[in-house]
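Colleague: This is the structure, below, for whatever I ask next.
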Amino acid sequence: MSSYRYRFVGYEKLPLGLNADDIQLHCRLQPRLISAIQSSNFARRYYLGLAVQLSFVALTGRNPDGKLRMPPEMLRMLCEQLNISTTAIASLKALYQNADRTLVNHRSWVQETLELSDFDTSAQARLQAALSQQALEAASADELSFSAEEWLFDNKIVLPSKRVIQDFARSAFKAIEELALATIRAAVTPVRLRAVLKVMHEESLTPGVSVLEWLKQSAGKHSLKALKEVNSRIDALKALGVHLWDLQGLSIGRIHAFAQAVVNRPPSETARRVEDTRAVEIVCFLKHLLGELSDEAIFRNNRHTSDIIGSGTRRVQAKQAQRASHYRNSIESMRALAQNTDMDAQERLEAILVVAEDVLSLPPVSRAEVVRETLAEQTTRVRTILHGMNSLDLRGDPAHEDGKLLNALQALQTAGAKELPADFDTSLVEPKWRPLLEVPDRVAALRAFEGCALWRIRKGLIGGSLYVNHSATYKSKESLLIPQEEWERHKHALCEAYGLELDPRRALDLQYELLRAGLAELEIGLEKGLLEIDEGGSVRIPAIRALEEEPELQRTNRFLSETIGTTQLPDIILEIDSRTQISTSLLGRQPETSEELIALYAGLLAHGTEIDAKAAASMIPGVPVSHVSAAMRTLEAPGRLRSANDSVVEFQQRFPIVKLWSDGTKASSDMMALEATRHLSIARTDPRRKTAAAGIYTHILGSYPVIFDQPIVLLTRQDAPAVHGINAYNSTSEDRIKVDLLAVDTHGYTYSGMSVAKLLKFDLCPQLAGLPDCKIWVPRTIKIPEALEKVVVPAITEKAIREGWDQTMRLIASIKSGRVSVAWALARHGSAAAGDDVRRCLDQYGRLLRSVFLCDYFTNDAFRREIHTLLNRGESVHQLQRAIYYGRVTAERGRRRDELKSISGAHALLTNMVIAWNTMKLQETVERLKSGGQRVEDNLLRRIGPVHFGHINFRGVMRFSVDRYAGVLLRSDSPKKGVRAG
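Per my numbering, the very first residue in the sequence shown carries number 679; after that it's consecutive.
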């Protein structure tokens, strides 16, 4: 379950081992229900029976069985609420003294009081319709059963027996499988389908490896050889006709779920499946794999192109050094001429002028020019990349400049041209490239054109002017956005539903009003001396002073830490799991045995720390490596780690002490580099550590928990993951407090990112590098105060905003409707999309938003401190994360996208579990101290966070004493024998 409030939904009996905190939180009746019991006409001896039924039904959504035994702590609490004597009777039937008819009548009263309806024919039809939609994304029938229970609970329908719900779930899941089979049979001819299923288990070109195993292998490190391997797999899939299969009748999530089933099991086990199941899973696997491999090929192509451009940049430095040496030699020659007594003054002057003219005639060393020369000279690397792109079926709009250039390149490749034709249309390339194409050497001209084409293709794929239809994320914009005709018909209704302003004038007037107020505050601050503007137009503001160290704060912090004491990571995992049931979220069902539960924990540790499956099995004796590997594959199921993280975050947020740290509306985000090997395709050299590393981008709430995580590439702009994470968090649950401010560093913002964030209803607030030199951009219609003329620049083009506003709203509506992600939207409308109307609109609107932000940042000291505090808290969480994952991602790990996501998600989950446990212990300690008469000031607690980890042992042999929590964590009533490691 994704939400903490669904923790016991669907349970047929409550765990007898529930602790007092859980009893108080979940089982306590509201005052209105206590009043309803006491004002009813039922005999007083049945009050406890009514309270038990009300509490159980409100908690689980299901009517209790007559033999139901309740936790003793729950009975004591209900007796206190009803002001009746405590009883030792534990079963519901004993409470009613076998009065079955009375029990049935009370059950009807409970349903009526809780406003619940029966699971009648109408409810069954509604559930069936809901499950038919949810089955499109569900990974298994068990997961669909949980979704069915949650849907019934939300719609206030009494849950029937588990078997009935499972039958509905299996029926809906089977219907999707039948739909998938019908879709596949319509897309793939019977002869081709049989051939595909047969060839999967034949030997590949690698001896002893089947074709299916070969396709499942991950590409190696960043190299041309690995790129060729990716292209060869794409060619193999296209030879099977995978790129021609139309599976639009199935959702992307459903295709991914079927594909994951093939990935997570050995090929021999796939071969034993019945033919229909094998056909569905294999076809979906091949289709999903083609999209992923196409993305991987484009990613690698772009990186190789960047490498060539980078080599050109490095050549600039060498050329500048050569030019400096030439300048020095020329100056020495001039000095020698000036000192030459064999020449008269006029001759010396003329000779010096000749040398000076020679030096001054040299063109300046231009980085762009050297990069162009490098692309033209690196013929072998350029042609290798271009040749590999033939596997991708690149396409573009024939009317677009990039589409015309692509068609010209493909025509030359088809003709096998060895040189550029003399009549070639050089207007297809930028003016700066034309001198390289208009040289007499036509072979060199062809090399220059190919270098230009490679650069333009990279830019076109990132900007969206070029696309690959069988890719997962590089498809054409028009195929992903809301269709233009549909947008024209329904844009007013869509904007109203999503809270978007379709009229650009209204949106601009609001920001202009804020900007004028901000400029006025800036002028007042300048007059009062709160800031200064120097002659160069740089803004000088006072540095934020650190708060003074308070001895009382240090004593309180030390006392709380000593009171909480030391602990082991396994104990934290077990206790948090017993409070949140994350093991149920991760497995898609409740664990059956302690062995299964411990194997799941081992898989979580193998993903979320630097150890692998073998090391995890060594640290937890009694758990086979194969079980750990199976658990790791289970954790790769889409959404499970995110769901478990959400549950732990919700658990942490319920403690009152959290309100002292933040109100839940503010967060920060930043990247943490995990050391990796060069064999990881997304690895880059960390500029600080000078080692290969992969990026983990995390969003951290003001009260410290990690609310979103994702793997990213180092040394890239982080605006897309920053905005994407908060949008995903805000849109997941309607009853969740929404984040309305996100603090980021310079890497986490662009003008387009600020625009998209604002249109998605939150503010992107960057801590900018080079802040004093930042200018405030304004439109020409805004009057600039004379005192601010050095720092305010009238450079915002309102026309660009107005002209692109309609299509920008189409883009945002597409994000809101789930057609495209925020990451895709920002990637396709970044600097590579220069000239696009939406790109210009987002850029200019973002400049306006940044100006409003800067006015606040320059004049509001509390606002500045808040941004810094949020970012500092994020850094403190990163210290905890490094303590959990202190090693590096090994060579065989993280080569698949799903595995990278699992590493990120498991790492975040372990971090959140530590933060939640620390928060819980802090709350318990503070309450215990206050109940004992000791005073703990809130202003001190506000500065003591839950990210300390010196008292936790993260390493060594691990002991999971499941028997302590078996009644809560395991499906069976009887506690299982605990497996104790070491």
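Here a beta-carbon is modelled for each residue, glycine too, at the ideal position from N, C-alpha and C.
Can you check DSSP and say which residues form a bridge with PRO1457?
Modeller: Paired residues: ILE1474.
Colleague: What is the rounded straight-line gap between the Cα of ILE1664 and the Cα of PRO1444?
Modeller: Look at the range of the chain in this structure, 679 to 1660, and you will see that residue 1664 is not part of it.
Colleague: DSSP on ARG1395, reduced to helix/strand/coil?
Modeller: ARG1395 falls in the coil class under three-state DSSP.
Colleague: How many angstroms separate the CA atom of SER910 from the CA atom of GLU1079?
Modeller: Each residue's Cα considered, the two are about 30 Å apart.
Colleague: Which word fits LEU1021, buried or exposed, when buried means at least 16 other C-beta atoms lie within 10 angstroms of its C-beta?
Modeller: The sequence shown places Met at residue 1021, rather than the Leu named in the question. Per the 10 Å Cβ criterion, exposed.
Colleague: Which residue's Cα is closest to the Cα of PHE851: ARG1059, GLU1270, SER818 and VAL836?
Modeller: Comparing Cα positions, the closest option is SER818.
Colleague: Measure from the alpha carbon of LEU814 to the alpha carbon of each residue in ARG1332, LEU1504, GLN926 and TYR1005, then state which is nearest.
Modeller: With distances taken between Cα atoms, LEU814 lies closest to GLN926.
Colleague: Have a look at ALA996 and ASP1521 and give me their C-alpha separation to the nearest angstrom.
Modeller: Their Cα atoms are separated by approximately 35 Å.
Colleague: Can you check DSSP and say which residues form a bridge with LYS965?
Modeller: Answer by DSSP bridge pairing: none, since LYS965 is not bridged.
Colleague: Can the beta-carbon of SER1695 be found less than 8 Å from the beta-carbon of ASP1187?
Modeller: The structure shown does not extend to residue 1695, since the chain is modelled only from 679 to 1660, so the question has no answer here.
Colleague: My parser needs the alpha helix (DSSP H) runs of 4 or more residues fully inside the segment 1174-1231; what are they?
Modeller: If we require 4 residues or more, the alpha helix (DSSP H) runs fully inside the segment 1174-1231 come out as 1182-1206.
Colleague: With DSSP as the reference, label ARG1525 as helix, strand or coil.
Modeller: If DSSP states are grouped into helix, strand and coil, ARG1525 belongs with the helices.
Colleague: Cα separation between LEU1084 and ARG1073?
Modeller: Each residue's Cα considered, the two are about 8 Å apart.
Colleague: Using CA coordinates, which residue listed in GLY1196, ARG1134, SER1411 and ARG1497 is at the minimum distance from ALA1510?
Modeller: Cα-wise, what sits closest to ALA1510 is ARG1134.
Colleague: Who does HIS1377 pair with in a DSSP beta bridge?
Modeller: In DSSP, HIS1377 forms a bridge with SER1347 and PHE1386.
Colleague: With distances taken Cα to Cα, identify the nearest neighbour of LYS1169 among ALA975, ILE1251 and TRP1483.
Modeller: Selected option, being the one with the closest Cα: TRP1483.
Colleague: To the nearest angstrom, how far is the alpha carbon of PHE1048 from that of GLY1066?
Modeller: Note that residue 1048 corresponds to Val in the displayed sequence, not to Phe. Spanning the two alpha carbons is a distance of roughly 25 Å.
Colleague: Within its chain, find whatever has a CB closer than 8 Å to the CB of THR991; leave out the 5 residues flanking it on each side and keep chain order.
Modeller: Closer than 8 Å at Cβ, skipping near neighbours: ARG1045, VAL1048 and VAL1049.
Colleague: Assuming the contact rule is C-beta atoms closer than 8 Å, LEU726 and CYS757 should be a hit. Round their C-beta distance to whole Å, please.
Modeller: The Cβ separation is near 6 Å, so the contact holds.
Colleague: Alpha carbon to alpha carbon, what distance is there between ALA1309 and LYS1655?
Modeller: Per-residue confidence for LYS1655 stands at a pLDDT of 43, beneath the threshold of 50, marking its modelled position as unreliable; no derived number is given.
Colleague: Is it true that the CB of ARG951 sits closer than 8 Å to the CB of GLY919?
Modeller: In this structure, ARG951 does not lie closer than 8 Å to GLY919 by Cβ.
Colleague: Rounding to the nearest angstrom, what Cα-Cα distance links THR1092 and PRO1118 in this structure?
Modeller: Whole-angstrom Cα-Cα distance: 23 Å.
Colleague: Report all residues from its chain with a CB closer than 7 Å to the CB of ALA808; omit the five preceding and five following residues, and keep chain order.
Modeller: Closer than 7 Å at the Cβ level, and outside the excluded window around ALA808, lie TRP829.
Colleague: Might you give, ordered along the chain, the residues of its own chain that have their beta carbon closer than 7 Å to the beta carbon of GLU1199, omitting 5 neighbours on each side?
Modeller: Contacts found: CYS1533 and THR1537.
Colleague: Along the alpha helix (DSSP H) that carries ASP1441, what are the first and last residues, could you check?
Modeller: Here ASP1441 belongs to no alpha helix (DSSP H); instead the beta strand (DSSP E) covers 1441-1445.
Colleague: Could you give the DSSP three-state label for GLN1056: helix, strand or coil?
Modeller: If DSSP states are grouped into helix, strand and coil, GLN1056 belongs with coil.
Colleague: Taking C-beta to C-beta, are PHE686 and THR738 nearer than 8 Å?
Modeller: Yes, the pair counts as a contact, with Cβ atoms nearer than the cut-off.
Colleague: What are the boundary residues of the beta strand (DSSP E) that ASP778 is part of?
Modeller: It is not in any beta strand (DSSP E) - ASP778 instead sits in the alpha helix (DSSP H) that spans 778-791.
Colleague: By Cβ distance below 6 Å, which residues in the same chain neighbour TYR1523 in space, the five residues on each side in sequence not counted?
Modeller: The answer, listed in chain order, is SER1433 and ILE1479.
Colleague: If we call anything under 8 Å between Cβ atoms a contact, is LEU794 one with ILE835?
Modeller: Against a cut-off of 8 Å, the Cβ pair of ILE835 and LEU794 comes out as a contact.
Colleague: Cα separation between ALA1150 and ALA1280?
Modeller: Each residue's alpha carbon lies about 32 Å from the other.
Colleague: List, from N- to C-terminal side, the alpha helix (DSSP H) runs of 4 residues or more that fit wholly inside the segment 1050-1134.
Modeller: Within the segment 1050-1134, the complete alpha helix (DSSP H) runs of at least 4 residues are 1057-1066, 1079-1093 and 1112-1115.
Colleague: Do SER1340 and ILE1378 have their C-beta atoms closer together than 8 Å?
Modeller: Not closer than 8 Å, so no.
Colleague: According to DSSP, simplified to helix, strand and coil, what is THR1245?
Modeller: Correct three-state label for THR1245: strand.
Colleague: How about LEU1703 and PRO749: do their beta carbons lie closer than 8 Å?
Modeller: Outside the shown range of the chain (679 to 1660) lies residue 1703, about which nothing can therefore be said.
Colleague: Taking only the alpha-carbon atoms, compute the straight-line gap between ALA1540 and ALA1400 and give it to the nearest angstrom.
Modeller: Answer to the nearest angstrom: the Cα atoms are 23 Å apart.
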